[in-house]
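Going down the list, the sequences are from chains A and B.
For the first sequence, my numbering gives the first residue as 4, with consecutive numbering after it.
For the second sequence, my numbering gives the first residue as 4, with consecutive numbering after it.
Quick reminder that beta carbons are idealized off the backbone N, C-alpha and C, glycines included.
Let me begin by presenting the structure, written as structure tokens, before commenting on it.
2 protein chains.
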Amino acid sequence: MRDLSNDRSLLAINSATVKPWTLEQLVEGCVRAGITAIAPWRDIVQAHGVEKAGSLIRGAGLSVSCYCRAGLFPAADEAGRRAVDEAAAIGARSLVLIAGGLPKGSKDLAGAHRQVRDGIAALLPYALAAGVPLAIEPLHPMYAADRACVNTLAHANDLCDQLGEGVGLAVDAYHVWWDPDLAAQIARAGERILTYHVCDWLVPTRDLLLDRGMPGDGVIDLRSIRAMVEATGYNGLIDIEIFSAQNWWKREPAEVLRICLERHQTVV
Amino acid sequence: MRDLSNDRSLLAINSATVKPWTLEQLVEGCVRAGITAIAPWRDIVQAHGVEKAGSLIRGAGLSVSCYCRAGLFPAADEAGRRAVDEAAAIGARSLVLIAGGLPKGSKDLAGAHRQVRDGIAALLPYALAAGVPLAIEPLHPMYAADRACVNTLAHANDLCDQLGEGVGLAVDAYHVWWDPDLAAQIARAGERILTYHVCDWLVPTRDLLLDRGMPGDGVIDLRSIRAMVEATGYNGLIDIEIFSAQNWWKREPAEVLRICLERHQTVV
């Protein structure tokens, strides 16, 4: 097998990592740094205009590892289809789905699980027709109430079993690193892995959402998890996606990019 | 089956819930409120003196649902044995074990899992001889790095399978409510459940450790989880354990006790 560990063409920069940047700045910054792939969130694509965004990205020769994100089921079908259209317009390899948490005022977790499954099933024919694979991303269990009630790879794999063709997984090391069943569930996922994301778990973590670490600054054994993912045959892009209100979002984005590239070579 | 839902003799107050109180104040406060069981942490027992603590609790006619806590493996054997002795001295029905997180500087989660298993195995003969059941408490996955690397009931059940007699589980709704496998793993636990703890998951949660809610103030379907636990045959005490630096720890403890009692009747 080719040694991929230092292949910079595998690095994708998620737009959340350089949050102050517009899509145009992200594209220019990546080109300047020799980074060949991005994973944009919808806000910057919509702000630029979806069709123009597609041209800009293609014109710069960049790949789009995935599009972040749709979901938060039960969502209006129309919103999900719009996200599929946008993902297609920018040539994203997959559309990341976040399950959504408990409906407001509800404590019915099993009911929320059913709504998520039914919501994805309802979106799936449209996504299949558009040629956009849907990537279910299990989020860390600390988001079960308010962001995503799919919190383990086992649950996400079960959903894939139920939903069939056109649905796969987004594996984010931050969300799944703690799972004692990690190796088995990544192996079970196999070809379903559509996109792989990394950042790091800081000790201490000061905020449930916005205190994620640069790869190498925390406790996640990223190289081991990457090896599990690549053992399934995945040799796609690796997104660095960092939510960090008090640190990385306050730095000069070009400098953040430089450090991402360096860490990609050394610890991712 | 007897309807236990409003039986106040099943309520136990964990000393962490009324953190400003000494053991003496906790005992007096519970007796005054008609609460018949407590779950003390080691700090207040040691501050009172272990032998005197046992006399105080017995003299007041209180039960001790569990003793919090030992563990943080790999721990010195001596420390674990001291915790067993203290649990025996105060008549605790079990000693709660917290696994401990990653050793400082380590990213080897699988290695930490092995250390925890070996640490419990090393303590077990002493605990068996002392007649103190060990209750492994899986903590929420957000504590995997720094507090406990046993984060699911499935993992804790596996440990019980491996370790055998003398080891059971502490089920805390706060730590396990999100788990899609919850019902199955509680059923699997069966008679292993030694103690059942409750508090609530707040939305938003502002701190990973110290922002837990009073039962009823969050999103956990406590009555459903209790029903799962009681379906195993468990009809023991229910501990209310709340870490709440910015709210409940700032209130008058007697008032907190009154509200615990009320919520025990209505939502636990």
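- For Arg-150(A), the closest C-alpha among the options Ala-192(A), Ala-102(A) and Val-170(A) is that of Ala-102(A).
- Lys-110(A) counts as buried, since no fewer than 16 other beta carbons sit within 10 angstroms of its beta carbon.
- In its chain, beyond the 5 residues on either side, Gln-249 have a beta carbon closer than 8 Å to the beta carbon of Arg-209(A).
- With the criterion set as a beta carbon lying under 7 Å from some beta carbon of chain B, the members of the region 127 to 157 of chain A are His-143, Pro-144, Met-145, Ala-147, Ala-148, Asp-149, Asn-154 and Thr-155, in sequence order.
- Taking C-beta separations shorter than 6 Å and ignoring five residues to either side along the sequence, the partners of Ser-97(A) in its chain run Cys-69, Pro-136, Ala-138, Leu-197 and Thr-198, following chain order.
- Rounded to whole angstroms, Pro-128(B) and His-267(A) show a C-alpha spacing of 47 Å.
- The region 236 to 250 of chain B makes contact with the region 13 to 28 of chain B, as at least three CB pairs between them are under 8 Å.
- Within the same chain, Cys-163, Gly-171 and Leu-172 come within 6 Å of Arg-195(A) by CB-CB distance, once the 5 residues on both sides are set aside.
- Counting only the Cα atoms, Val-53(B) lies some 27 Å from Lys-253(B).
- Residue pairing by DSSP places Asn-17(A) opposite Ala-42(A) in a beta bridge.
- Arg-229(A) is positioned such that its CB atom lies no closer than 9 Å to that of Tyr-177(A).
- Comparing alpha carbon positions, the residue from Ile-38(B), Val-30(B) and Lys-107(B) closest to Glu-265(B) is Ile-38(B).
- According to the DSSP secondary-structure assignment, Thr-198(A) is paired through a beta bridge with Ala-173(A).
- The Cβ-Cβ distance between Ile-60(A) and Ile-93(A) falls below 9 Å.
- In the three-state reduction of the DSSP assignment, Asp-111(A) falls in the coil class.
- Taking CB atoms only, Thr-208(B) has a neighbour in chain A less than 9 Å away.
- Between the region 152 to 160 of chain B and the region 178 to 186 of chain A there are three or more C-beta pairs closer than 8 Å, enough to call the two in contact.
- Along the region 240 to 257 of chain A, there is no position whose C-beta sits under 9 Å from a C-beta of chain B.
- Using a Cβ distance threshold of 9 Å, Val-270(A) and Pro-218(A) count as a contacting pair.
- In this structure Val-222(B) is buried. Its beta-carbon is surrounded by 16 or more other beta-carbon atoms within 10 angstroms.
- In this structure, Ala-148(A) keeps its C-beta atom at 9 Å or more from the C-beta atom of Leu-205(A).
- The beta carbons of Ala-192(A) and Thr-235(A) sit closer together than 9 Å.
- Chain B has a Cβ within less than 9 Å of the Cβ of Asp-184(A).
- Distance from the CA of Ala-36(B) to the CA of Leu-65(B), rounded to the nearest whole angstrom, comes to 12 Å.
- Ranked by Cα distance from Glu-81(B), the options Gly-114(B), Ala-125(B) and Ala-95(B) are led by Ala-125(B).
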